[in-house]
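Enquirer:
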Amino acid sequence: ADNNGNFRFDSDINGNPLFAGTYQLQATANGFDLTTELFDVLENQALNLGDIALQPFSLIGSVSGRLVDALDGAPLSGFGPPFARADLERCEEFGCFPVAGGQPDEQGLFRFEGVLFGLPPGRYRVSAFAEDYQPATTDQFDVGEFEDIDVGDIGLTPFPIQFGTIEA
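Numbers in my numbering are just positions in the sequence shown, counted from 1, shifted up by 2.
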């Protein structure tokens, strides 16, 4: 579409001419979408569908939290050791799969925005990782349309330090 929202189709995706037939328009733009009813186009017809209103996606607000050391509560940063990471996973009938991820800031804070990642309402969980720490995963939780969820602190437990006997 141009700056005024106008568009025109003279060919298919491969540059071939459009033939008379039945079509359907699907459009998306910055968190909005539209699928029209089927419509017929006759041979040599210049069909104008007029103004078409895009509908906003149904999205969550955000999921946020903080990654911390489970022993002392110190924040775990993603921008230096221990290079922490948080992944947001969507959970459905047959399991959970990652839909967003990133490094927490220096205070261990992370935030996944629904609009930025195209996250629909549903069931989610957060998985967290850091070098020299055991991974952690939250329980599953539901997030509604435009809802902001703070999962709080996610504590990662450092791997135990093992001492052994050194013989020379």
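Idealized CB from N, CA, C, for every residue including glycine.
Buried or exposed for F112, going by 16 or more other Cβ atoms inside 10 Å?
Expert: buried
Enquirer: P140 to C93, Cα distance in whole Å?
Expert: Checking the sequence, you will find Thr at residue 140 rather than Pro. Whole-angstrom Cα-Cα distance: 12 Å.
Enquirer: Compute the Euclidean distance between the alpha carbons of F143 and R125, then round it to the nearest angstrom.
Expert: 5 Å
Enquirer: Which term fits I156, buried or exposed, when burial requires 16 or more other beta carbons within 10 angstroms of its beta carbon?
Expert: buried
Enquirer: Need the endpoints of the beta strand (DSSP E) that L90 sits in, please.
Expert: Residues 87–94.
Enquirer: List the whole-angstrom C-beta distance separating P2 from F34, where the pair is believed to meet the contact cut-off of C-beta under 8 Å.
Expert: The shown model of the chain, from 3 to 170, leaves out residue 2, and the question about it has no answer.
Enquirer: Express the C-alpha separation of A31 and D71 in angstroms, rounding to a whole number.
Expert: 41 Å
Enquirer: For the region 66–85 against the region 130–138, do three or more pairs of beta-carbon atoms, one drawn from each stretch, fall closer than 8 Å, so that the two count as touching?
Expert: Two segments are said to touch when three or more pairs of C-beta atoms, one from each, lie closer than 8 Å; by this definition the region 66–85 touches the region 130–138.
Enquirer: Name the residue from E149, D107, N16 whose alpha carbon lies nearest to the alpha carbon of P83.
Expert: D107
Enquirer: If we call anything under 8 Å between Cβ atoms a contact, is T38 one with Q26?
Expert: Yes; because the gap between Cβ atoms is below 8 Å, this pair is in contact.
Enquirer: Does DSSP put G103 in a helix, a strand or coil?
Expert: Here DSSP, grouped into helix, strand and coil, assigns G103 to strand.
Enquirer: Could you spell out the range, first to last residue, of the alpha helix (DSSP H) harbouring G116?
Expert: 116–119
Enquirer: Would F85 and E91 be called neighbours here (beta carbons separated by less than 8 Å)?
Expert: no
Enquirer: Near L158, which residues of its chain fall below 7 Å by C-beta distance, leaving aside the five closest residues on each side in sequence?
Expert: Cβ contact annotation for L158 (same chain, cutoff 7 Å, sequence separation greater than five): L69, D71, A72, L78, A130, A132, Y135, Q136, A138, in chain order.
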